[in-house]
Each structure stands twice: as structure tokens, then as C-alpha cells.
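Line by line, the protein sequences give chains B and P.
Counting in the working numbering, the first sequence runs from 6 upward without gaps.
Counting in the working numbering, the second sequence runs from 364 upward without gaps.
Think of the CB as a built atom: it goes at the ideal place given N, C-alpha and C, for glycine as much as any other residue.
Note sheet for the following structure.
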Amino acid sequence: MAGLETFYDVMRRQGITRRSFIKYCSLTAAALGLGPEFVPQIASAMETKPRLPVLWLHGLECTCCSESFIRSAHPLVKDVVLSMISLDYDDTLMASAGHQAEAILDEVMEKYHGNYILAVEGNPPLNEDGMYCIVGGKPFVEQLKKVASGAKAIISWGSCASYGCVQAARPNPTQATPVHKVILDKPIIKVPGCPPIAEVMTGVITYMLTFDRLPELDRQGRPKMFYSQRIHDKCYRRPHFDAGQYVESFDDEGARKGYCLYKVGCKGPTTYNACSTVRWNDGVSFPIQSGHGCIGCSEDGFWDKGSWYARLQNVGGFGVEASADKVGMVAAGAVGAGLAVHAAISALSRARYKGDDDQ
Amino acid sequence: MVEQAKTRLVAGPFNRVEGDLEVRLDVVDGHVGRAWVNAPLFRGIERVLEGRTPMDALVIAPRICGICSVSQSHAAALALGGVMGMAPTHNGQVATNLIVATENLADHLTHFHLFFMPDFARPDYEGRRWYAQAHERFAALRGSAVRGILQTRALALHVMGILAGHWPHTLAIQPGGLSRGVEKQDCVRLSGILGGVRAALEETLFGARLEEVAALSGVEDLQRWAEGRRGSDFSLFLRIAQDLALQSSGRSYDRFLSFGAYPGFGSDPGQRHWRSGIFETGAVRTLNMDDVSEDHTFSHMADMGRPLPPFEGATEPHMRANTAYSWSKAPRMAGLACETGALARQLMAGQPLVRALVARDGGNVLSRVVARLVEVARLVPMMEQWVRALRPGEAWCHSHTGDIPDGRAIGMTEAARGALGHWLCVEKGLIARYQIVAPTTWNFSPRDAAGVEGPLEYALKGARVHEGEQTPLSVQHIVRSFDPCMACTVH
């Protein structure tokens, strides 16, 4: 890795001032739930460590994860993270669209073999030998396996990569398959959600860039720092749930008073995600705040668990108080126990992300 | 005719378009002879919808696309409302328009700054008089315009946050209105946000008041205006367009389709602020939705024997390597291929500059981009009016109880990229059929049984291919001028 720039070098080259850099370190500490004493530690890590290569691939998906990502709250954090993961567009990716881009992918894989992070948005469809998703003339599943083979670890962005999501919903016409069922020999970090929250995405990447290791994962492979609590646990409408005050239909008396949405189908009590704390679009709101129940989009198989608009007659019927670990344990069977938590990752970088260029 | 120097190129995968796209080109004597447009991806969302509770379409259909999710959500709500015989409340309608407009605005800004303009900052154009400015403003990821516009876009999307909870994949739009009401303080915040968006656009994109741009009325008028606004990004584009003669690039059939944008409120909720119809040879025709059909001859779809109207259509993927070359179906209006998008919308809305440009040179790279920017300038003032039309404290959503009745309806709206329709059939309380025809399905359709090419395939004919170009620049300008969304195309 000799001769590689540090993160700090990269930031300075991107025009980020020292003052902004320190601010970025503070924001990062706050986003990761770390105290102010960690700020110098983060700063020191960024100043001394070579940057981490990230390759970003797209399978069967709708680009909502990328769309969410480029809209994260703090422009500074977004700029820094984007500039770090998309570096090689400045340095080396001078290729035009198309086959030249594929060649550069090969080159980066070879150069940083065993040291890069692979971020996957979407998933591979396996029916018809993978013909439902063709990238550069070949099935996406082939590209995925090839790039994964040299990766240090994999990030499964969103519910598509983590669980299959909408295209894997019954009857799953293309046999869309989550990444961990195709790649069996690499640590995989799942960041589910349709889409995931921007701050969660930047938080996960920043953590890995800063501390050179995977965040702590739960039994399903999700970072604990963002997925250890249910929407319900921190929902601002929770007091109305506890008081038995419910909305019965949109715009009824209860809706006007901001009552609990459980009876109009809210899945907050069974959904592990950070929406009710981090919120969306710069912390402006989240679905429950817009008067619509949570649909549970970060949970495995949420498409095939019955209608989202089904009225509940008797409330409190299901095991809403199950702990994260219990739910995790049940699901762990499918995931396999091979997740290398805290695996050390070394560094270097590159990203493919839609909206980036070439030339 | 002597066939000389005929080669075949496969251009793609394209970056800076939404989703995956591949274009095969026959090149004869340095020009594109024929083109085949391929969407190499299929997800099967229509199949997933079948057999489900109708209301669940509100959650599933938006997932077709992370870029136009609100438009998909709006079309689904309109289709359901059609079956239920329900129209939204006044507040629901106004707020829905605001939400849809926000998405269209954000998409237009993304397209111009992040997808389209960076092409002119490529080294291929070094030496042009405008190159230095184009490179400074629009070099991919580094350009000074990029950071600014991402911020403006994020600000605009706060409208979405306030009214609809989150984006992408908003849930708030319902057949009866919106799942959330508006309070007085929301209106104040919305006005503030739009004021910020206006200021940013007037400062850098236009260098002029939005009203001034919206009122541009003719080709000479535009030239005069651009001369006086040389610092603005719009003016920069016009200089580039003139130098590269973009008005003579990418002309298609000049048959423009719009489903009409932004349902009105007040006396006639059926009216749309920008009307629906087909614009061809200077005249407007009324839509007849019975004329819509989809042809599978060159799609990887089961052969249905004949083109079928969407109410009878089916989506059965079927690999047919001999003839088929795309996952996209070929939608036709009375057998004819149509172009759709902001250009079609502004033609139907009667915007004089856009009509003048099309009267002169038809639909092309220049007129498509100008229409998009003129639309931006018209949209923000409309949104400001809509905020004032909200009535805090009044009803926001009609409630509905019980099952959805059997029946069928079309949900028609305009996404940023053009006409979007959801054809919904409900039988025995469940979705029996759900067919989606998206804007880029129209624009990037494959050939049909009669051999008629899709609008992009036709528009690419004659595009200049320079020696050694694998993915010709001229082809890239034309492809991106349509602002394709491939995820929607094939769903």
C-alpha cells in the first residue's frame, strides 16, 4: 500500500479546509454515537491511514439506495464520503462509458486484491441463467462473484441486496436472490431498508473508513449501532400506543390528534431501524410523522407478510416485546454464523456509482 | 449503393442514465445507419402485484423506481381512486401536486447538472471557446455547479419531507388525498423552502427571474435573452448548443404525447394545469386511451399474437433469442410511436418558446433540454401558488371503509420523463391485472411488428460517429437528451 494518500490528503486535495475537516470529525463522532473524546482519535486516524478502496456495483434494483445516499443530511459528511469513495474517477477513471469502465474495474480489482470493500446495490436474479440482469454483456451474478472474490468485505446496501426486496416478493419472477445466498465466503454487512436512511449509509462507511474494521453486527448481519432498536421504541407517537389511543382511518379525529397508527397497519413494533431517531431528508420527517404507518421495509420478507393497510381489530396480539436478539436468533439460521465481526480491513479505494463520470 | 465502411458498435453500458442501457449501432460512412435500443434488465413488478390486495399497489408500485417513485405512487393512487370512484380532497390534491412537482423539479435539476452537461466538459471538446467555463462548472463530480445543485435539490426535497414523510419511496399519497394534514406553520415552512429554491435557481441556473424565463416567447427572443445573461448556466448551454448545432441532432417522429400534468382544483377537478393530448405538426389532438397498445414482437415477452391494449395485456417473460432484443415492450398510440417528456408537456401546455423551437427544428437535443429548463422556471411559481391554496385545518383525506369494488381504471400522470399510466383491473377484491406503461417505455421502445422503430432508435439515425469512437459522443448527447429511466422502462 506504499505511496497511497491518507484520507486527510484526499480531503485537502478536494478543497476541504482544516477547519471543515475537524468539524467533519466531530460530526462523525456524533453520528456514530461516540463522545467528544473520540474526535482527536478520528482525526489522527484520518491523517495517518491510507484511504480505503470501495467498489460499488448495481444489480437488479431501482437506484433508490443511491438516491438516498446522495441526499444525506450534513453536506460536509456527504461531500467527504462521496469524494473518498469516488476518488478514482478523478485519478484514473478517465474512460468513457461502456467497456472501458469494465476494464478499469478489472484493473482496480487486481491492484487492490483482498483489500477493497465491495458495496452492492440490488441483487442478482438467477432464473434463465441470470439473463434478467445483464451488465456489459454478461449476467450480473458473474460480475458479482468475480468482484466479490477479491473483496475484503461486502456491504449489502438496502433490502434488495440484504433480503431480495420487491422483485423477490411472491412469485419472484426472476428468482432475485440476496447477496449472502450467492457469496458465501466473505463477511457481509447488511444495511437494509427500502431505501436505507442516508445517514445510516454514510455512518456505516465512515465507521469503516475511520476505524479500519467492520461495525459490530447483530445476528442478522446488521450494524448494531443503527438496527438494535425498533421504530416503536423511539416513536414520538408511542405514548398514544401505551394509552390505547389509535387512528382508525386517515384524517379521522385520532389522526388529527396525532394518535398511534398501529390500527392502520403500522409495522413499527416489529421493525428494527433508525427512522424514528435519525429521520429522513435532513431529519425533517419520517413516514409515521407523515401520518402513514411504517411498512417495515428493513425487515426480511416484508413484502409477503400480508397487506399494509389491513385494519387490526384487536391490538397487542403479537409478540411486539421480543428483543432484538430473539428476533435475530430466529433469523440467524438463514444467514449462517460465518460473519466475521470486527474483521480487520485494510485500505484503498474506488467506487462506481450512478451519476459519476468517466471521460 | 456501395456499402462501405459499415461497422457495428455496441454502445453501453451507459453511465449517467438511470438504470442499465445498451444501444447497438450500424455505422455507415461515419453516421449511424440503424440503431437497436436494449433495456438489459427485468424485475417483474407487474407479476408481483397480481393477486394482491389492491391498496398494496400504493406500496409496491413506487418501488419500480427510486427516481420517479412519487409519480408511480401518484399513478397508483389515481388508478385505485378510479376503481373506487373517489377523488382526493382539495388539500389532498394541492399537496399531491406539490409533492409530484417537487420530484419533477428535482429530476430536471439532476438531469441537467449531473447527467447531461458533464458531457461538454470532456477533453474531446477542449479548444472550444466555451470549454473552460463548461469544465469549471460541470466536470463530473468536480464542477462548481454540482455541489450547489445537490444542495438546492436537497432543500427542495424538504417539501417532500414536510408533506410526505420521506423520499424516495414516499407513502403519503392516497386515493382520497394525503395521509397527513397541513398546518399553518407547515405553509410558512413550505414558502420559505420554495423561496430558497427560487433564489438559488435565479442566481446560478438562469441569472434572471424565473418569470422572465417562463415568459420567453420565441427563438430570437431566446437568443437576445441569452446574450444578456452570459454568466448563467442556461446561457452557457445555449452557447454550446449553437456552436455544436444541437438543434439538428436527435430529431425523432415529432409526435408528442402527454397525459396532462397536475390535476386542477376548484370547479373541474378533471382539468389539468398542463393539458393532455398529442401534439403533431403544430396541432393538438385529444387522447383516446383505447388507442394504446403494446407490441411484443421484439421483446423478451411471450408472443400474444397481436398488440394488446394494457387492460388485456400480460407480462410473461420469455427468452426469444432469434428476434427479441429488449426487455421493454413497444407501446404504440393507434399503431404509432410517440415521444414523451417535458417537451411534449410544454407543447401541450402551449409554452410559446417551446412551440417556436419545435416549429423550427422539431424535437431535438436542444428543444428537449430547453423545454425542461423552461418547465423548471414555470413550475416553481406554480408551486408557490399551490402553497397559498392549501387550507390548514380542513379535510386532507377522504376515508374509505370496506373492500375495493371490482372494476378497472387507468391512473394517468406525468413523471419528469413524461406520460405514465397504470392500468388496473380488480376482480373478486384482488388485483387481477396491473399493467404499467412508463415514459421511457414509449421513448426507448424496441421495434414493433410493422418494423416501426422506437423514438430513440429513430432519433439516432444519422448521428455522427467519429473515427475510433466506441460510444459516440453524439449518440450520448441524444440518448441523454431524453433523460431515460431504464428501471421504469422495464419494471
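- Comparing alpha-carbon positions, the option among Asn278/B, Ser295/B, Trp313/B, Gly288/B lying closest to Glu304/B turns out to be Asn278/B.
- Inter-residue distance for Glu816/P and Leu699/P is about 10 Å (C-alpha atoms, whole angstroms).
- The beta carbon of Gly544/P sits closer than 6 Å to the beta carbons of Trp759 from its chain, once the five residues preceding and following it are set aside; these are given in chain order.
- Less than 8 Å divides the Cβ of Leu57/B from the Cβ of Met213/B.
- For the segment 19–84 of chain B, the full-length alpha helix (DSSP H) segments reaching 4 residues or more read 23–36, 44–53, 69–74 along the chain.
- Around the beta-carbon of Val551/P, fewer than 16 other beta-carbon atoms lie within 10 Å, marking it exposed.
- Leaving aside the five residues that flank Gln180/B on each side, the residues in its chain whose CB is nearer than 7 Å to its CB run, in chain order, Pro130, Leu131, Asn132.
- The C-alpha of Arg810/P is placed about 17 Å away from the C-alpha of Val373/P.
- Between Ser689/P and Val400/P, the C-beta spacing is below 8 Å.
- Burial check for Lys547/P: the Cβ neighbour count within 10 Å stays below 16, so the residue is exposed.
- Check the Cα spacing between Ile430/P and each of Val789/P, Leu526/P, Gly511/P, Pro531/P: the tightest is with Pro531/P.
- If you look at Gly455/P, you'll find it in the alpha helix (DSSP H) that goes 453–473.
- Looking at the DSSP output, Tyr251/B sits in a beta bridge with Cys265/B.
- Residue-level contact by beta carbon holds for Leu404/P and chain B, with a gap shorter than 8 Å.
- DSSP links Tyr121/B through a beta bridge to Ala156/B.
- Listed along chain B are Phe255, each with a C-beta nearer than 7 Å to that of Gln537/P.
- If you ignore the 5 residues before and after Cys788/P, its C-beta comes within less than 7 Å of the C-beta of Phe674, Arg771, Ala795, Arg796, all in its own chain and listed in chain order.
- In the three-state scheme derived from DSSP, where H, G and I count as helix and E and B as strand, Asp389/P is classed as strand.
- Distance from the CA of Arg410/P to the CA of Val433/P, rounded to the nearest whole angstrom, comes to 21 Å.
- Using a Cβ distance threshold of 8 Å, Thr649/P and Asn806/P do not count as a contacting pair.
- Contact note: Cys788/P does not reach chain B at a C-beta cutoff of 9 Å; the least C-beta distance is about 18 Å.
- One thing to note: Ser233/B has its Cβ no nearer than 8 Å to the Cβ of Gly198/B.
- With fewer than three CB-CB distances shorter than 8 Å, the segment 578–589 of chain P does not count as touching the segment 662–673 of chain P.
- Secondary structure of Thr649/P (DSSP, three-state): coil.
- Contact check for Ser436/P against Thr533/P passes: the beta carbons are separated by less than 8 Å.
- In the three-state DSSP reduction, Met447/P falls in the helix class (H, G or I).
- The CB of Thr370/P never comes closer than 8 Å to any CB in chain B; the least such distance is about 15 Å.
- When secondary structure is reduced to three states using DSSP, Glu790/P falls in the strand class.
- Between Leu404/P and Asp383/P, the C-beta gap is smaller than 8 Å, which places the two residues in contact.
- When rounded, the separation of the alpha-carbon atoms in Ala813/P and Cys848/P is 26 Å.
- Residue-level contact by beta carbon fails for Thr852/P and chain B, as no gap is shorter than 8 Å.
- Taking the Cα of Met696/P as reference, the smallest distance to any Cα among Phe622/P, Arg708/P, Arg683/P, Glu590/P is reached at Phe622/P.
- By DSSP's assignment, His829/P forms no beta bridge with any residue.
- Less than 8 Å divides the Cβ of Gly298/B from the Cβ of Leu266/B.
- Put simply, of Leu671/P, Pro672/P, Lys692/P the residue whose alpha carbon is nearest the alpha carbon of Pro680/P is Lys692/P.
- Here Met449/P is near Gly539/P, since their CB atoms are less than 8 Å apart.
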